[in-house]
Amino acid sequence: MSAFNPPLLGDGHGNYRIHLIGNSVITEDVFGIIGTGKTTLGAYLSGKLYLPHISLDELAWKPGWQDTPIDEFKEKVGACMAQNTRGWIMDGNYTRALGMLVSDSATDIIWLDPPLHHYLPRLLWRTFMRLLGWHSLCAEGCKERWAEVFSKQGIVWWCITNHSTARTRYRAWLIRMGVDVGGKMRRLDESRGELASWKDDLNEHLKRM
């Protein structure tokens, strides 16, 4: 039996509410770090489960990197949940603004935990592509600029300096909510082949459904 079996818990009635998190924002909800694979996995699961993939980044930001007011943000997230009764896939955390709204509502929490050296090149490449206008924006009207990206307020510096802090927090979540202790959270390290193995298990699981 695979270490990841069953790959998804669901609600017992064939519905899945999946929260994808990466080694991203902890102390302030400034960015959802790109590169850890949340968006890619979200799109993959959306195609497999026929569920909508919802990026919290797109709900959190207004054009020009203006914050969506917290009450409005919560309302938007709640509406997405209510509208998709069969389930959903949400990526991002935003704990400071949302508390545990998404994680508490989820049937499954997947923590993508590649080492920094594994996903930092992806982060740099995607950021470079966005700066050139060759990649979709984080949210509508939120363009990244050279001076900001590589400043101490930018996404690259934030990623490097907050990686270990994020891992500390999510390890605590895993101790409390991990599938090994009867919870709903699992950790996947792509660099060790865990994500690929989990996908194989998921495909086998779906074939039996």
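Here the sequence shown is numbered in our numbering, starting from 955 and rising by one per residue. For glycine and all other residues, C-beta sits at the position ideal for the given N, C-alpha and C.
Q. Which value, in whole angstroms, describes the spacing of the CA atoms of Ile972 and Thr994?
A. 14 angstroms
Q: Could you check which residue in Arg1162, Asn1116, Tyr970 has the C-alpha nearest to that of Ile1063?
A: Tyr970
Q) Taking the continuous alpha helix (DSSP H) assigned at Trp1152, which residues delimit it? A) 1148-1162
Q | Cα-Cα separation, Asn1234 to Asp1134 | A | In this structure the chain extends from 955 to 1163, so residue 1234 is not present and cannot be described.
Q: Would you mind listing the alpha helix (DSSP H) stretches within the region 1036-1075 that are 4+ residues and don't spill past its ends, in chain order?
A: 1049-1052, 1055-1059
Q: Apply the 10 Å Cβ neighbour rule to Thr1115 and answer buried if 16 or more other Cβ atoms are within range, or exposed otherwise.
A: exposed
Q) Cα separation between Leu1005 and Phe1082? A) 30 angstroms
Q. For Gly996, which three-state DSSP category applies?
A. helix
Q.
Here's the rule I'm using: 16 or more other beta-carbon atoms within 10 Å means buried, otherwise exposed. How should Met1163 be labelled?
A. exposed
Q: Go ahead and label Arg1080 buried or exposed: buried means 16 or more other beta carbons lie within 10 angstroms of its beta carbon, across all protein chains shown.
A: buried
Q. For Pro961, which residues of its own chain have a beta-carbon under 6 angstroms away from its beta-carbon, when the five flanking residues on both sides are left out?
A. Trp1152, Asp1155, Leu1156, His1159
(Q) Quick check: the Cα distance between Leu1128 and Gly968, rounded to an integer number of angstroms? (A) 24 angstroms
Q) Comparing alpha-carbon positions, which option in Ala997, Ala1150, Trp1015 lies nearest Lys1030? A) Trp1015
**Q.** Alpha-carbon spacing of Gly1001 relative to Thr990, whole angstroms
**A.** 19 angstroms
Q: Could you have a look at Lys1016 and say whether DSSP puts it in helix, strand or coil?
A: strand
**Q.** beta strand (DSSP E) segment containing His1007, residue limits
**A.** 1007-1009
Q | Contact set for Trp1042: own chain, Cβ-Cβ below 7 angstroms, skip 5 residues either direction | A | Arg971, Leu1005, Pro1006, Ile1008, Cys1034, Met1035
Q | Opening and closing residue of the beta strand (DSSP E) in which Leu1142 lies | A | 1139-1142
Q | With 16 other Cβ atoms within 10 Å as the buried cut-off, status of Asp1011 | A | buried
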